[in-house]
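For the sequence shown, our numbering assigns the number 110 to the initial residue and increments by one for each residue that follows.
Below: the structure, in structure tokens.
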Amino acid sequence: MDKAEIIGKVYFKSEVETIGANQMKKQILVVETDNQYPQKLPIEFIKDKVDLLNNLQIGQQVKVSVNVRGNEYQDRNQVTRFGLSFQGWKVD
Numbered sequence: 110m111d112k113a114e115i116i117g118k119v120y121f122k123s124e125v126e127t128i129g130a131n132q133m134k135k136q137i138l139v140v141e142t143d144n145q146y147p148q149k150l151p152i153e154f155i156k157d158k159v160d161l162l163n164n165l166q167i168g169q170q171v172k173v174s175v176n177v178r179g180n181e182y183q184d185r186n187q188v189t190r191f192g193l194s195f196q197g198w199k200v201d
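As structure tokens, this is what we get:
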């Protein structure tokens with residue numbers, strides 16, 4: 110599964126950050142799901158996709174299309190860890 114939709118309410122929207130030498134824009138949107146056990150899911154928007162968040166308000170109902178990304182890394186104790194992230198590309 111590399112694509113999914115997350116449906117819920119806007120819980121939090123970070124400030125726009127600029128990262129690296131190329132000044133890439135990044136913003137985090139946290140959506141709280143509406144299911145039996147609500148989850149607060151952080152979704153990362155980068156580059157021109159940041160503009161999709163301009164008019165969103167806290168509490169607004171949204172459907173966000175995301176790419177699901179898995180990553181593997183080693184922590185400072187050389188223990189291998191795995192993680193997931195969501196990268197947003199469409200907001201309805």
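Backbone N, C-alpha and C fix where the C-beta goes; we use that ideal spot for every residue, glycine too.
Counterpart residues of residue i in DSSP-defined beta bridges
i	result
residue 180	192
residue 124	Per DSSP, none; premise fails for residue 124.
Nearest residue (CA-CA) to residue i, options the options
i	options	result
residue 163	114, 130 and 119	119
residue 177	161, 150, 141 and 196	196
residue 140	132, 146, 126 and 168	168
residue 135	143, 142 and 126	126
Rounded separation between residue i and residue j - CA only
i	j	result
residue 183	residue 190	6 angstroms
residue 187	residue 180	15 angstroms
residue 124	residue 185	29 angstroms
residue 192	residue 153	14 angstroms
Same chain, Cβ closer than 8 angstroms to residue i, neighbours up to 5 away in sequence not counted
i	result
residue 165	119, 122, 138, 171 and 200
Under 8 angstroms between C-beta atoms of residue i and residue j
i	j	result
residue 115	residue 175	yes
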